[in-house]
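Colleague: Below is a structure I'd like to ask you about.
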Amino acid sequence: MAEAEQDDGLEIGGSTEKLTDGEKGTSRGSNNSFTGDTQVDKYGFLGGTQQSATEEAEEIPSDVLRQRELKWLEMLKSWDKWMAKKHKKVKERCQKGIPPSLRGRAWLYLTGGKAKKEQNRSKFEELKNHPGDPKWLDVIERDLHRQFPFHEMFASKGGLGQQDLLDVLKAYTVYRSEEGYCQAQAPIAALLLMHMPAEDAFWTLVQICEKYIPGYYSTGLEAIQLDGEILFSMLRRVSPVAHRHLKKQNVEPVLYMTEWFM
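Here the sequence shown stands for residues 1 to 262, where the numbers follow our numbering.
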């Protein structure tokens, strides 16, 4: 199974399980410390705006969402077959939108994280239990409270969400000790944890860093600097005036494109 899925990450530039209502308005790993008048929207954000009648009216009809869930469950059940013979259809369904209840599972499959996880059984536990490099641990711990502080998973210091985030980021520094930790990895890991367990989030993060944007989080940020030069070249072709102005002011691409790219 793992061998067959080794290269099944999606290149993009059935079951009758009931899922539609079960996960709406919840987030995995919440420490359930919010009570009383605390308003949490359907995405898990405290005081979020996804509570209004207007927002609810704009949602996908439940019967349509249910049909999409069933289609995705069938795809995930026979993932190798779909990726080998119906790759285009998988892309089309991604573009329509992955049902929220299956988003975490779908991301794990689409990135190839599931295959990576199966090839490295118990590896995450081993990495999680490793003491880690104190240098990276100190930086990671100082970053924890900055990640989605108004989300129910990460609002409480030392809560389960922050602990999972620490485990995932520390595990990556042990897994890729030559790279260590980059602050831009933290919000990605936190977002993944909103949709999946820590182990799945770890292997999905590994795939993102190694397969989809390799070099973006390396010490010298070589890949993002290269992409910055490409962006600057495109700007010169599309908008010569803007290109000349930025160049005259000595504004390097890395100064404004890291927020977009990372």
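Backbone N, C-alpha and C fix where the C-beta goes; we use that ideal spot for every residue, glycine too.
Okay, do the segment 184-192 and the segment 149-168 touch, 3+ Cβ pairs below 8 Å being the bar?
Modeller: yes
Colleague: For residue 233, count neighbouring C-beta atoms within 10 Å of its own C-beta (all shown protein chains included) and say buried if the count is 16 or more, exposed if not.
Modeller: exposed
Colleague: Could you check which residue in 99, 72 and 97 has the C-alpha nearest to that of residue 86?
Modeller: 72
Colleague: Is it true that the segment 210-223 meets the segment 123-140, where meeting means three or more beta-carbon pairs spaced less than 8 Å apart?
Modeller: no
Colleague: With a threshold of 8 Å, are at least 3 pairs of Cβ atoms found where one atom belongs to the segment 111-121 and the other to the segment 84-100?
Modeller: The segment 111-121 makes no contact with the segment 84-100; the number of CB pairs closer than 8 Å stays below 3.
Colleague: From the DSSP output, in three-state form, read off residue 221 for me.
Modeller: coil
Colleague: Quick check on the burial criterion: 16 or more other C-beta atoms within 10 angstroms. Buried or exposed for residue 222?
Modeller: exposed
Colleague: Straight-line CA distance for residue 253 to residue 61?
Modeller: 43 Å
Colleague: In whole angstroms, give me the CA-to-CA distance for residue 255 and residue 153.
Modeller: Taking C-alpha positions only, residue 255 is separated from residue 153 by approximately 32 Å.
Colleague: From 182, 100, 105 and 126, pick the residue whose C-alpha is nearest to that of residue 143; which is it?
Modeller: 182
Colleague: Provide the residue span of the alpha helix (DSSP H) that contains residue 62, from first to last.
Modeller: 62-77
Colleague: From residue 151 to residue 79, what distance separates their C-alpha atoms?
Modeller: 32 Å
Colleague: What are the residues that DSSP puts in a beta bridge with residue 151?
Modeller: 45
Colleague: Could you tell me which residues DSSP puts in a beta bridge with residue 40?
Modeller: 46
Colleague: Assign residue 131 to buried or exposed, taking buried as 16 or more other Cβ atoms, counted over all protein chains shown, within 10 Å of its Cβ.
Modeller: exposed
Colleague: Classify residue 251: buried if its beta carbon has 16 or more other beta carbons within 10 angstroms, exposed otherwise.
Modeller: exposed
Colleague: On a CA-only basis, which of 186, 259 and 100 is nearest residue 44? Give me that one, please.
Modeller: 100
Colleague: Taking the alpha carbon of residue 180 as the reference point, which residue from 140, 157 and 212 has its own alpha carbon closest?
Modeller: 140
Colleague: Tell me whether residue 257 sits in a helix, a strand or coil according to DSSP, three-state version.
Modeller: helix
Colleague: Could you have a look at residue 197 and say whether DSSP puts it in helix, strand or coil?
Modeller: coil
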